[in-house]
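S.K.:
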Ligand code: C2E
Ligand code: MG
Ligand code: MG
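In our numbering, the protein residues as written are 6 to 767.
#1: Three-state secondary structure (DSSP) at residue 306?
#2: Please classify residue 531: does DSSP put it in a helix, a strand, or coil?
#3: Below 8 angstroms on the Cβ atoms is my contact criterion, and I expect residue 460 with residue 382 to pass it. Report the Cβ-Cβ distance as a whole number of Å.
#4: Beta carbon of residue 666: closer than 7 angstroms to some heavy atom of ligand 2?
#5: Thinking residue 268 and residue 276 are a contact (beta carbons under 8 angstroms), I'd like their distance in whole angstroms, please.
#6: Report, in whole angstroms, the separation of the C-beta atoms of residue 328 and residue 361, which I expect to be a contact under 8 angstroms.
#7: Whole angstroms are fine: how far does the CA of residue 680 sit from the CA of residue 670?
#8: Taking the C-alpha atoms as reference points, what is the distance between residue 426 and residue 608?
#9: Taking residue 577 as the reference, which of 513, 723, 604 has the closest Cα?
#10: Quick check: the region 554–566 against the region 534–541, are there 3 or more CB pairs under 8 angstroms?
#11: I want to check one thing, is the minimum distance from the CB of residue 684 to the heavy atoms of ligand 3 below 7 angstroms?
#12: Which residues mark the beginning and the end of the beta strand (DSSP E) in which residue 743 is found?
#13: Return the Cβ separation of residue 546 and residue 527 in integer angstroms, given the expectation that the two are a contact with Cβ distance under 8 angstroms.
#14: Whole angstroms is fine: what's the gap from residue 128's alpha carbon to residue 203's?
#15: Considering only residues of the same chain and omitting the five flanking positions on each side of residue 489, which have a CB-CB separation below 7 angstroms?
#16: Anyone know if the C-beta pair for residue 480 and residue 379 falls short of 8 angstroms?
#17: What's the call for residue 551, buried or exposed, on a 16-neighbour Cβ count within 10 Å?
#18: Beta carbon of residue 180, beta carbon of residue 168: below 8 angstroms?
#19: To the nearest angstrom, how far is the alpha carbon of residue 285 from that of residue 258?
#20: Would you give the residue range spanned by the alpha helix (DSSP H) that residue 409 belongs to?
#21: What residue from 141, 235, 753, 154 has the CA that sits closest to residue 123's CA?
#22: If you compare alpha carbons, which of 462, 472, 656 is closest to residue 374?
#23: Is there a Cβ of chain C sitting closer than 8 angstroms to that of residue 522, yes or no?
#24: Just tell me which of 529, 742, 601, 536 has its CA closest to the CA of residue 553.
#25: In the DSSP output, what is residue 250 paired with across the bridge?
#26: So, under 8 angstroms CB-CB, residue 125 and residue 144 are touching, yes? Tell me the CB distance rounded to an integer number of Å.
#27: For residue 98, I'd like the list of residues in its chain whose CB is within less than 7 angstroms of its CB, leaving aside the five on either flank, ordered along the chain.
#28: From the DSSP output, read off the bridge partner residues of residue 143.
#29: What is the rounded straight-line gap between the Cα of residue 336 and the Cα of residue 283?
#30: Mind checking residue 582: buried by the 16 CB within 10 Å criterion, or exposed?
#31: Taking the alpha-carbon positions, what's the residue 206 to residue 314 distance?
#32: Taking residue 825 as the reference, which of 13, 618, 659, 682 has the closest Cα?
#33: I need the boundaries of the alpha helix (DSSP H) containing residue 581, first residue and last residue.
#34: Looking at residue 183 and residue 42, is the spacing between their C-beta atoms short of 8 angstroms?
#35: So, are the CB atoms of residue 715 and residue 689 less than 8 angstroms apart?
#36: If you drop the 5 nearest sequence neighbours on each side, which residues of the same chain put their C-beta closer than 6 angstroms to that of residue 44?
Written as structure tokens, this is what we have:
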């Protein structure tokens, strides 16, 4: 018996030492109290080992001390562990803990007085089965010790009892186990005390208890809890999940899967069959795979992503698998909607510019054998439609135009909205009958209530001859074609050709060169004589010329329209006016009576105060205002007629002679003529020159001259080319003449020479 228990105690000591050491290595917060508990459990066992081995009273007494003090230390550590295990903060119960620790410490100290007072215990020898043992005889001190130890032990037990009651059942098991183990140790120990056997076998119970504490604190994983948690998670997953065991039998399906597969009971026999027929799944037997399926058609179509995942045990052996089925229909529809919104114009439903360009780019790059045309359609004065009729009508117009394109398009056309009122189209060349389109455009009408509103649209077309250029450049070219008819009412379609591009480049070139050309005196005035009834030169018209170093002699029609468009005409005019004043101030003697007419472009009025400019020149060069005649055209009156008339009146009041140029060549308004502050009517003979009926031409001229006379205006006919014309005009009452018959426009020097030659006639 003695040997057996000695071996058992040694084994228990080794085991506890082992548990304690392992516990120390754990990083869990409970590890420290667990390891202390393991090590302090060793102390009473060592005491018992000494007791069981000794046949000597002194040694047995030492063993009893170690045993008793060990029990104090053990309950102290047990208390500490219980707080930690039950998640009770030491700080919150600091006072109570301190009291308990103090009492236990006092209990330990009292043993040190036992050798002197003999108040705690004594030893008695007993013989069991012929073997001598010493056993402890308890006195008051030992009874106190037992009460203290039991109280401390019971306090720890109480923590566990409260815990098992308070926490949900699923958590309680880890407290139950410890509670059970502690109770076992306690009962065993009580049995030992009551039975008064010399050998304390309850140490085995404490070691079991210690092991359970060790295991449950550090290694136990609450599988039932995990199980429930995972089951909860799986049932709440947004995707359907179906679990199979290793032999392909369905073991569980979550709520979503029940819905999709229409399974209402826990009988999962049909799950596999339904899965295969529903989703057309062909399981290749691979461990993991994924597939995408679309079930149904059109708007009712459902999109699923199905994945198979293998489930293995710790040794990586297959124990089953699960299928997850995700209904992606909403995501896919959202994605499709996002793509649609990013690629379509919300108002018209046509492609956006960026998307249209991408599509055209792909088309042109992939289909190299076909030839394509790029069309740019622009609604004329769309801003005005918006301003007058409101944005709603404006939006309606855009939708109508978009529909019109749809109606006219064939399947191969790609089209979209480029900006506010511009639409772009790419079509195989030849697939659009331009004559038909032209006709349809001319009749494009939108009904706005009872009113039919004609919408003017222009289309510029670029037949793609160079597919390598960027799409935006293709549209630039179509736009270029469009600008050539922007102000036309009867022409709706213009096709780009390379001359247009050359023209644009030319326009850019001369526009950048103009200022330097003025500075370097490449821009010069030519003078064309103006004669009276006797054929005497009484003045001249200043007509601009550009003596270009590369391009040679440039007549005005080559550059004036360009500068009229971009506003640079103001620079030219200001310069020619200055030249005219310079020339007038240089003329002396006979020539001092001559006048020079200068042209004023309608655009000049936008860029400067024409009156102030000319007055400043007159004052600078000290010239009589009557010698600088002002030529304006009817178009000057097309906008801001009243203020323009006021300016002309100011000119006349200051002594200038105001001439109406090119009368009869434009949209002459006879009505306006009567109110205009004018002195001279310059009749353009060119508009009659091609008239087949000479008699009719003469009749018209006669009547215009009479009208001029009636209005109290002087009349000047320009474009007189023959003697017959001169004679005829003279006969019918014209007073002044200008034309090739007398002289072409010439340099100032030539003009002066001509004047000198005709001195007598001046
Ligand atoms: P315009 O002011 O009506 O000038 C008369 C044009 O008729 C001149 O052409 C002149 O050369 C031409 N001409 C004169 N007699 C005859 C004739 O018997 N037969 C024919 N076929 N033509 C004749 P040009 O010099 O080429 O000027 C053309 C137009 O350019 C001018 O028409 C004027 O509108 C504009 N222009 C010329 N110089 C200037 C200028 O300095 N400033 C502005 N704003 N425009 C100018
Ligand atoms: Mg003129
Ligand atoms: Mg003229």
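A virtual CB, placed ideally from N, CA and C, is assigned to each residue, including glycine.
Remember, predicted model here, so these are calculated numbers, not experimental data.
M.R.: Considering the structure as presented:
#1: coil
#2: DSSP places residue 531 in strand when its eight states are reduced to three.
#3: With a Cβ gap of about 11 angstroms, residue 460 and residue 382 do not count as contacting.
#4: yes
#5: 6 angstroms
#6: Not a contact, Cβ separation roughly 43 angstroms.
#7: 19 angstroms
#8: Distance between residue 426 and residue 608, taken at the CA atoms: about 27 angstroms.
#9: 604
#10: A contact between stretches requires three or more CB pairs, one per stretch, nearer than 8 angstroms, and the region 554–566 fails this requirement with the region 534–541.
#11: Not under cutoff, so the answer is no.
#12: 741–743
#13: That pair is no contact at about 21 angstroms.
#14: Here the alpha carbon of residue 128 sits roughly 11 angstroms from the alpha carbon of residue 203.
#15: 499, 505
#16: The answer is yes: Cβ separation under 8 angstroms.
#17: buried
#18: Against a cut-off of 8 angstroms, the Cβ pair of residue 168 and residue 180 comes out as a contact.
#19: 19 angstroms
#20: Per DSSP, residue 409 belongs to the alpha helix (DSSP H) from 396–413.
#21: 141
#22: Taking residue 374 as reference, the option from 462, 472, 656 with the minimal CA-CA separation is 472.
#23: The chain labelled as chain C is not found in the depicted structure, where only one protein chain is given.
#24: 529
#25: Per DSSP, the beta-bridge partners of residue 250 are 325.
#26: 6 angstroms
#27: none
#28: 126
#29: 21 angstroms
#30: buried
#31: 53 angstroms
#32: No information on residue 825 is available, as it lies outside the stretch 6 to 767 that the chain covers here.
#33: It spans 574–591 - the alpha helix (DSSP H) in which residue 581 sits, taken as one unbroken run.
#34: no
#35: no
#36: 25
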